[in-house]
Structures are given as structure tokens and as C-alpha cells.
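Number of protein chains: 2
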Amino acid sequence: MKAVILLSGGLDSATAAAVARSRGLVLYALTFDYNQRHKKELSCAQKVGHSLGVQDHQFVELHLPKLNSALVDTSIPIPKGCSRQIIPETYVPARNVIFLSIAAAHAESIGAIDIFVGVNAIDYSGYPDCRPEFIEAFQTALNVGTKTAIMGKPFVIHTPLIKLTKGEIIKWGISLGIDYSLTWSCYQGGEKACGECDSCLLRQKGFQEAGINDPLEYCHLS
Amino acid sequence: MKAVILLSGGLDSATAAAVARSRGLVLYALTFDYNQRHKKELSCAQKVGHSLGVQDHQFVELHLPKLNSALVDTSIPIPKGCSRQIIPETYVPARNVIFLSIAAAHAESIGAIDIFVGVNAIDYSGYPDCRPEFIEAFQTALNVGTKTAIMGKPFVIHTPLIKLTKGEIIKWGISLGIDYSLTWSCYQGGEKACGECDSCLLRQKGFQEAGINDPLEYCHLS
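Chains as they are written, first to last, in this note's numbering: chain A, 906 to 1127; chain B, 906 to 1127.
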């Protein structure tokens, strides 16, 4: 059975893809270039997809109207660390809404109903479109808004990591054979990971919890 | 107040935009090039936007994975007429899901919460993403999945035409001053409208019901 996998190049989506593969699904990967500052993740997504033996990998260039986000507007600095009190400047408006919409269109066109996404609502940046409430509501919308669903084959959005800690995610991924040196998390997208942005901090926390060495090099180790 | 308006170049979206204008909203139009067969509608959208005095008009080119639809895959013929028994080949997978997702991202970036879309579930082709069930479910998903909504400003997706007949839509549009000669409905996208596709038939039925002459020229008058 085919499954559409959102593959960003980060460690969560790589792990979610490996979970899908371990369930015997044939992987149709989908990666988005939305003019993100850390375009480096795109080549990582390619390598991760290759290492997982994906059947097909589509790279979609999105030329969206200007988005108000530090991840696409380089005039807004990437915050160092994170207060966990507010949704940070790195929030990209409706990002997973757009990604999952296109995933559904792609799934419907190739005859798949399973969509995997590596969202996590435990060790995360507070983005509302990573939470179970959103995923459930979006799946409901898809299942009243698409031909496939109306014809009796509702979509299932799989979020195998949504309630795990970053450490648990990494341990699971290692057990599934993922090479995390292929993945990229840093928002800055420099040669080495910055070690200071929220995404680096969450990644480092995860490897520490898992008791595994992070194979990436950092400019600053926190 | 700003409102994002999905403007396709067709008569429904032109009317929905005119309704938004009549309510005193400042129009931010959004038009999608998704490699549709009837690209002619894009230049019509431009003219309609201009005639309505939009504040801003973004044209978004979507380079999506290959979609299974007669509207984008020219190897699938456009059906003549419509049985109203099944969802026709002109259905585009998750089209309004994608369009509304990008509209929400745009709205969030410009500080708008009102989105207008000219969907209609009476004189329509049976596309599931034109029905009230979908719009309501999608609005719910947006309002748990976006920062704007979480911060206390939920999105409202306005569908002023959803329960009107095509004749009622046209009469309303005429009363709001729309020049329907600027709009385009035919799926074939030829020099003249084909007069045989479902979209032409619905348009002709509407003008007939409204007792108004359709300003477009047709190859075949049904």
C-alpha cells in the first residue's frame, strides 16, 4: 500500500517515514521548498529519502505571497532559545495546513489514503498546526472535502510521533536504522548547526535524553 | 478591514468579491495558476480584480505533483454535459483545500481574518470541497491550527453564494455592478466558450433564469 510522507529533512519526519516503512507501506515522499532560510534541509530530505528507499520523491516549489515568519523573511532574526510562553517568530503561517493539503491532492492522485507527518506536540516550538487538535480537525475536513473520502475511502493522517519526547523519537529512529547524520534541524542553515535556535536546542535535548551522540557538528554547544 | 478573496476569473468568485466590497472590506485578491487547461481565466481574474478596485492581487503559480483531473491532464477529455450522478472527471483533488490553506497563510501574514470564496452547492458540479460541510470543517481546522486564531482572532470563511441558484448569483452580481463580460467559465479555454461543458451549461442556465443575456460568445448554444 502506498503512503504519502511529508519529508522535511529534519529528524522527526525521517523517523515518521521509517515508521511508515516498518509498517510495510510503499513511500511516496513529498518535500517543500517554501523559500525557507534553512534550504540545506532540502538536500538532507533527498538523502533521507534515498536512504529509506522511497518509491518516489516529489520536490514542490511553493511561490507563496510573502509570509510573516522569521523562517522565510531574513529581516526577522531567528530567536535564540525559546521561552515556551508564546508562539515564536519562526512560526510559518498555516504551513502544515498547506503541506497536508498538497499531500492529500497527491495522495488522491496516486491512489493513497495514508499520509504520514512527523509532527510532535511534546518537545516542540508551540506551533498550533503540530497539535493533535489540528490534525484531527484537518482530517475531518479532508474527509468531507475530497472525492476519495466521499467514495468511501477516508484519509488517515498518521502522526506516530505526536506524543513522544524527542529522546523517545530518536531511540525509535535508531532502532529502525535511521542515520541521523543525514538529517538537519538548525533554522539558520549555516555550514554547522548554530546550537542556539529552538530547533537545535530541542535536537540536542533529544540526543542527550536518548544517551546517544548527535552526529551533527555545532558552532555552539549549549 | 482587509479580506482575502479567492478570484478565479469565473462568475461566482467575481460575485463573491463584489459582495465583500459591498460590505466595505478592502480586497486582497488571490488567483492560482495550477496549470489549468482554461488558463484564459487568469487574465479574466486580472480584469475582474482591476474592475473591482482590489488593493492587491497576488497570482500564485502552483507546481504541484501531477494531479488526476481532466482540468489539468489534457489526456483526460472534458465531459460534455453532466449526469449529476457522480463527481465528474473535472474534479481537481483537494483544490479548495489547497487554495483556502494558502489564503489563510496570506491572510495571517497581512493581518486579515476574513476570507471570501465563491463556492456554490446548488448549481454546481458536485465537487465535495464546494459544500458547506467542507467549509465549516476547514474553518474549524484553521481555527485550531493557526497562530492568529489561537491568539483570539479566529478566521471566518465567507461563502455568500453557497445556497443560491446560478440565476440568483447573477442577479445579485448585476445589482452590485459586475461586468460579467470580464469573466470566464468554460473548462476548454478556447477562443469562444464551448457551450457544452458542465461549467458552460451551468452559466447558461443561470443567465436564462436571471432573464439576462450572457455577454460571452459560444461555439455551441445549448
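Backbone N, C-alpha and C define an ideal beta-carbon position, used for all residues, glycine too. This one's a predicted model, so the numbers in the text were calculated from it and none came from an experiment.
With respect to S1030 of chain A, P998 of chain A sits apart: the two C-beta atoms are not nearer than 8 Å. H968 of chain B and P1037 of chain A have their alpha carbons spaced roughly 29 Å apart. Leaving aside the five residues that flank S913 of chain B on each side, the residues in its chain whose CB is nearer than 8 Å to its CB run, in chain order, T936, F937, E946, A950 and G1023.
In the same chain as S1086 of chain A, and ignoring 5 residues on each side of it, the C-beta atoms closer than 6 Å to its own belong to P1120, in chain order. Put simply, the backbone Cα of Y1123 of chain A is about 10 Å away from that of Q1109 of chain A. Nearest CB-CB separation between E1096 of chain A and chain B: not below the 8 Å threshold. In this structure P993 of chain B is buried. Its beta-carbon is surrounded by 16 or more other beta-carbon atoms within 10 angstroms. Counting only residues of its own chain and dropping the five nearest sequence neighbours on each side, G954 of chain B has a CB closer than 7 Å to the CB of L912, A934 and H962.
Counting the other Cβ atoms within 10 Å of the Cβ of Q960 of chain B gives fewer than 16, which makes it exposed. Judged by DSSP secondary structure, D1034 of chain B falls outside any beta strand (DSSP E); it is assigned neither H nor E. Distance from A908 of chain A to F1043 of chain A at the Cβ level is roughly 17 Å; contact not present, criterion being Cβ atoms closer than 8 Å. Taking a C-beta distance under 8 Å as the contact criterion, T1053 of chain B and I1018 of chain B qualify as a contact pair. Take I1062 of chain B, set aside five residues on each side of it, and the residues of its chain with a beta-carbon closer than 6 Å to its own are I1020, I1040 and Q1044, in chain order.
For L932 of chain A, no chain B residue has a C-beta closer than 9 Å to its own C-beta; the minimum C-beta separation is roughly 14 Å. Per the DSSP secondary-structure output, V909 of chain B pairs in a beta bridge with B:Y933 and B:I1020.
A direct Cα-to-Cα measurement between T920 of chain A and I910 of chain A gives close to 11 Å. Taking 8 Å as the CB threshold, Y1092 of chain A stays off the interface with chain B.
Chain-order list of chain A residues neighbouring F1039 of chain B: A1046, V1049 and G1050, by C-beta distance under 7 Å. Neighbours of L916 of chain B in chain A, taken as residues at a C-beta separation under 9 Å, are lacking, since the least C-beta distance is about 22 Å. Residue pairing for E966 of chain A: DSSP places it in a beta bridge opposite A:D938. Taking a contact as a CB-CB distance under 8 Å, the pair G1078 of chain B and A925 of chain B does not count as one, their CB atoms being some 12 Å apart. In the DSSP assignment, I1007 of chain B falls within the alpha helix (DSSP H) that extends over R1000 to I1015.
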